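Visitor: First residue of the sequence shown? That's 67 in the working numbering, and the numbers climb one at a time after it.
Backbone N, C-alpha and C fix where the C-beta goes; we use that ideal spot for every residue, glycine too.
Quick caveat: nothing in here was measured; it's all calculated off a predicted structure.
Pasting a structure below so you can have a look.
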Amino acid sequence: MIEAGLFDRLMERVDDDGLRLTGEGGFLPEMIKAVLERGLQAELTDHLGYEKGDPAGRGSPNSRNGSTSKTLSTEVGQVPLAVPRDRASTFEPRLVPKGARRAGGLDDMIISLYAGGMTVRDIQHHLARTLGTELSHETISKITDAVLDEVKAWQTRPLEEIYPIIYLDAIVVKVRDGHQVRNRAAHIAVGVDLDGVKHVLGIWVQASEGAKFWAGVCAELRNRGVRDVLIVCCDGLTGFPEAIEATWPSTTVQTCTVHLIRAAMRFVSYQDRKKVAAALRPIYTAPTVEAAETELLAFAGSDLGRRYPATVATWENAWERFIPFLAFPPELRKIIYTTNSIESLNYQLRKIIKNRGHFPNDDAVTKLLWLAIRDIEDKRARQRVKEAGLPANQRKAPGRLVEGATVLGWKQALGALALAYPDRLGPYLT
67 MIEAGLFDRL MERVDDDGLR LTGEGGFLPE MIKAVLERGL QAELTDHLGY EKGDPAGRGS
127 PNSRNGSTSK TLSTEVGQVP LAVPRDRAST FEPRLVPKGA RRAGGLDDMI ISLYAGGMTV
187 RDIQHHLART LGTELSHETI SKITDAVLDE VKAWQTRPLE EIYPIIYLDA IVVKVRDGHQ
247 VRNRAAHIAV GVDLDGVKHV LGIWVQASEG AKFWAGVCAE LRNRGVRDVL IVCCDGLTGF
307 PEAIEATWPS TTVQTCTVHL IRAAMRFVSY QDRKKVAAAL RPIYTAPTVE AAETELLAFA
367 GSDLGRRYPA TVATWENAWE RFIPFLAFPP ELRKIIYTTN SIESLNYQLR KIIKNRGHFP
427 NDDAVTKLLW LAIRDIEDKR ARQRVKEAGL PANQRKAPGR LVEGATVLGW KQALGALALA
487 YPDRLGPYLT
């Protein structure tokens, strides 16, 4: 078309004559119709073994028998097709299989729109407005539900025997429960394998974030093959460490410093927040446990400490679970002192779910979060491919968010872990 100048003439008609490209009567649906119908005729010819009108077909036990009308929904609108038939009813078209009402690309488009945060009704209106494609609410729901088996397979897949580090956290989502909408917690686990690569290990939805439920999550991870975890970084939820240690007794539980600071700042007035934040910094940047204790005592005895005793108490109550990371060198400290690896993921997920209002059930939550993670990583990968070959200073595409991302400085951190846990890590490094 380009070499013959047809493409340029077509574009001129779009500009001058108002020729439609998509929707009913548009050029693209008509072109797809022509291509598919010719392809179906070619398939039938191959099935019968002779061309239409060929004398070789006389006396054949099978022959052409007209056509059946069907409408195919595509990315460019509704396409009416005349699907050829044979008298013996043995023709099984592969180009447009029997029972198919949608082109495969349309299903991919719907799933992508859903993963981006659009509701089923939003997608329904979007397709009708932009493509002229009318799909029912139930059809779109079935298309998105088709990934549930894939989600369940992912959720139950076998895991590595050991993850040196696992991050655990939860985000709040709204789910319809009868005639009410309730807050529920979507629990997410991210593990770092021996190569320093992060993996989302699973997503679990529960009425609230509780230590008892987290104990069940840890038990499930154990049942899927995780025999040992060196360090688990989590928030300061009461009973959380005990829930983890019930599954992995030798695991070091590290309270997220960022969560601890947030909890401590809850009692501080707005005008003093910057001063308190600056006064707390020497505690979690101290070189040793002893130095951190000295800094905490200094803060407790200061004017700010006496003004906000609840802030001091927050640190004192979390002290035993806060100090483990202080025993490690800086290369490992910066990896385990906070759950930022999972917080960045949660931030992206919140942007997607904030406009949805609420979910119809727990499975819908898991489905969307899994699709969203996959969609985010796919978009970033396409951006990186687009910039491949450019000088490093001209590349702006973001790296992997979580799944498949490599921890910076992992070699040094792994060395520190090997020295701290020689008996547990050594067999996996040989």
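At which residue ranges does the segment 211-261 contain complete beta strand (DSSP E) runs of 3 or more residues, listed in the order of the chain?
Guide: Taking only runs of at least 3 residues, the beta strand (DSSP E) segments lying wholly in the segment 211-261 are 228-243 and 246-258.
Visitor: From D235, H113 and D152, pick the residue whose C-alpha is nearest to that of S410; which is it?
Guide: Residue mapping note: residue 410 aligns to position 344 of the sequence shown, counting from 1. When each option's Cα is compared against that of S410, the closest is D235.
Visitor: Could you check what DSSP says for A471 in three-state terms: helix, strand or coil?
Guide: Your numbering for residue 471 matches position 405 in the sequence shown. Note: A471 maps to coil in three-state DSSP.
Visitor: By DSSP, does S178 sit in helix, in strand, or in coil?
Guide: Counted from its first residue, the sequence shown places residue 178 at position 112. Of the three classes helix, strand and coil, the one that applies to S178 here is helix, per DSSP.
Visitor: Would you mind sorting G305 into buried or exposed? The rule is 16 or more other CB atoms within 10 Å of its CB.
Guide: As a first step, residue 305 is located in the sequence shown; it is residue number 239 there, counting from the start. So G305 ends up on the exposed side.
Visitor: What is the residue span of the beta strand (DSSP E) that K278 lies within?
Guide: Reading the sequence shown from its first residue, position 212 is the one you call residue 278. That residue, K278, is in no beta strand (DSSP E); its alpha helix (DSSP H) goes A277 to N289.
Visitor: Looking at the secondary structure, which residues open and close the alpha helix (DSSP H) in which K400 lies?
Guide: Position 334 of the sequence shown, counted from the start, is the residue given in the question as residue 400. P396 to I402 is the span of the alpha helix (DSSP H), which, as asked, contains K400.
Visitor: Just the Cα atoms here: how many angstroms apart are I68 and S139?
Guide: Against the sequence shown, residue 68 aligns to sequence position 2. Against the sequence shown, residue 139 aligns to sequence position 73. The pLDDT assigned to I68 is 49, lower than 50, so where the model puts this residue is not dependable; a value taken from the coordinates is nonetheless given after this. So the two alpha carbons sit approximately 27 Å from each other.
Visitor: If we call anything under 9 Å between Cβ atoms a contact, is G268 one with E227?
Guide: Along the sequence shown, one-based indexing puts residue 268 at 202. Along the sequence shown, one-based indexing puts residue 227 at 161. No; because the gap between Cβ atoms is not below 9 Å, this pair is not in contact.
Visitor: Could you tell me the alpha carbon to alpha carbon distance between A154 and D112, rounded to whole angstroms?
Guide: In the sequence shown, counting from the first residue as 1, residue 154 sits at position 88. In the sequence shown, counting from the first residue as 1, residue 112 sits at position 46. Going from the Cα of A154 to the Cα of D112 covers about 15 Å.
Visitor: State the beta-bridge partners of C322 as determined by DSSP.
Guide: As a first step, residue 322 is located in the sequence shown; it is residue number 256 there, counting from the start. Note: C322 sits in no beta bridge, so no partner.
Visitor: Pairs of beta-carbons, one from the segment 246-265 and one from the segment 450-464, closer than 8 Å: are there three or more?
Guide: Flag = no, the segment 246-265 and the segment 450-464 do not touch.
Visitor: Determine whether the beta carbon atoms of P230 and L491 lie at a separation below 9 Å.
Guide: Indexing the sequence shown from 1 puts residue 230 at position 164. Indexing the sequence shown from 1 puts residue 491 at position 425. Closer than 9 Å, so yes.
Visitor: What is the C-beta distance between V298 and Q320, in whole angstroms, given that I count them as a contact (C-beta under 8 Å)?
Guide: Your numbering for residue 298 matches position 232 in the sequence shown. Your numbering for residue 320 matches position 254 in the sequence shown. Confirmed, Cβ separation roughly 7 Å.
Visitor: Where does N131 sit, in a helix, a strand or coil, going by DSSP?
Guide: As a position in the sequence shown, residue 131 is number 65, starting the count at 1. Strand.
Visitor: Looking at the strands, I want to know which residues DSSP matches up with I297.
Guide: Here residue 297 is taken as the residue at index 231 of the sequence shown, counted from 1. DSSP lists I231 and T318 as partners of I297.
Visitor: Taking only three categories from DSSP, how would you classify A463?
Guide: Position 397 of the sequence shown, counting from 1, holds the residue named residue 463. Three-state DSSP puts A463 in coil, outside helix and strand.
Visitor: Does I68 come out as helix, strand or coil in the three-state DSSP assignment?
Guide: Numbered from 1 along the sequence shown, position 2 holds the residue referred to as residue 68. Below a pLDDT of 50, predicted positions are generally treated as unreliable, and I68, at 49, falls in that range; the measurement from the model is reported next regardless. The answer is coil: DSSP assigns I68 none of H, G, I, E or B.
Visitor: Relative to the C-alpha of V217, which residue among T205, P375 and V266 is closest?
Guide: Along the sequence shown, one-based indexing puts residue 217 at 151. Of T205, P375 and V266, the residue nearest in Cα terms is V266.
Visitor: Taking the straight line between their C-alpha atoms, what separation do you get for G132 and A212?
Guide: Taking the first residue of the sequence shown as 1, we reach residue 132 at position 66. Taking the first residue of the sequence shown as 1, we reach residue 212 at position 146. Roughly 34 Å between the two C-alpha positions.
Visitor: Tell me which same chain residues have a C-beta within less than 7 Å of the C-beta of N421, skipping the five on either side of it?
Guide: Position 355 of the sequence shown, counted from the first residue, corresponds to residue 421. Result list for N421: G183, in chain order.
Visitor: Run through DSSP, which three-state label would A352 get?
Guide: What you label residue 352 is simply residue 286 of the sequence shown in a count that begins at 1. Of the three classes helix, strand and coil, the one that applies to A352 here is coil, per DSSP.
Visitor: Report the rounded CA-to-CA distance for A471 versus I408, giving the unit in angstroms.
Guide: Numbered from 1 along the sequence shown, position 405 holds the residue referred to as residue 471. Numbered from 1 along the sequence shown, position 342 holds the residue referred to as residue 408. Cα to Cα, A471 sits roughly 12 Å from I408.
Visitor: In whole angstroms, what separates the C-alpha of R372 from that of P353?
Guide: Working through the sequence shown from its first residue, we reach residue 372 at position 306. Working through the sequence shown from its first residue, we reach residue 353 at position 287. Using only the alpha carbons, I get a separation of about 25 Å.
Visitor: Alpha carbon to alpha carbon, how far is A285 from T313?
Guide: What you label residue 285 is simply residue 219 of the sequence shown in a count that begins at 1. What you label residue 313 is simply residue 247 of the sequence shown in a count that begins at 1. Using only the alpha carbons, I get a separation of about 6 Å.
Visitor: Assign A358 to one of two classes, buried (16 or more other C-beta atoms within 10 Å of its C-beta) or exposed (fewer than that).
Guide: Locating residue 358 in the sequence shown gives position 292, counting from the first residue. With 16 or more other Cβ atoms within 10 Å, it is buried.
Visitor: For V263 versus I232, is the C-beta distance shorter than 9 Å?
Guide: On the sequence shown, position 197 is the one that residue 263 refers to. On the sequence shown, position 166 is the one that residue 232 refers to. Not a contact, by the Cβ cut-off of 9 Å.
Visitor: Which same chain residues end up closer than 8 Å to R453 when comparing Cβ atoms and leaving out the 5 residues on each side of it in sequence?
Guide: Residue 453 sits at position 387 when you count from the first residue of the sequence shown. The question names Arg, but residue 453 is Glu in the sequence shown. Contacts found: Q460, R461, K462 and A463.
Visitor: Touching or not, the segment 395-404 and the segment 430-449, by the rule of three or more beta carbon pairs under 8 Å?
Guide: In short, these stretches do not touch, since the Cβ pair count stays below three.
Visitor: Could you round the C-beta distance between L114 and G125 to whole angstroms and report it? I think they count as a contact, below 8 Å.
Guide: As a first step, residue 114 is located in the sequence shown; it is residue number 48 there, counting from the start. As a first step, residue 125 is located in the sequence shown; it is residue number 59 there, counting from the start. About 13 Å separates the two Cβ atoms, so there is no contact after all.
Visitor: Answer yes or no: do T509 and D301 have a C-beta to C-beta separation smaller than 9 Å?
Guide: A question about residue 509 goes unanswered here, because the residues of the chain that appear run from 67 up to 496.
Visitor: Quick check on G305: does DSSP put it in helix, strand or coil?
Guide: As a working note, residue 305 is residue 239 in the sequence shown. If DSSP states are grouped into helix, strand and coil, G305 belongs with coil.
Visitor: Do A484 and A393 count as a contact pair if the criterion is CB distance below 9 Å?
Guide: Taking the sequence shown and counting its residues from 1, the one referred to as residue 393 is at position 327. Taking the sequence shown and counting its residues from 1, the one referred to as residue 484 is at position 418. No, these two residues do not count as a Cβ contact at 9 Å.
Visitor: Can you give the Cα-Cα distance for G119 and E109, rounded to whole angstroms?
Guide: Here residue 119 refers to the residue found at position 53 of the sequence shown. Here residue 109 refers to the residue found at position 43 of the sequence shown. Taking the straight line joining both Cα atoms gives about 16 Å.
Visitor: Checking the sheet assignment: what are the DSSP bridge partners for F425?
Guide: In the sequence shown, residue 425 corresponds to position 359, counting from 1. F425 pairs with V241.
Visitor: Find the nearest neighbour of V241 within the set I442, Q449, D441 and P426, judged by alpha-carbon distance.
Guide: Locating residue 241 in the sequence shown gives position 175, where the first residue counts as 1. It is P426 whose Cα lies nearest to the Cα of V241.
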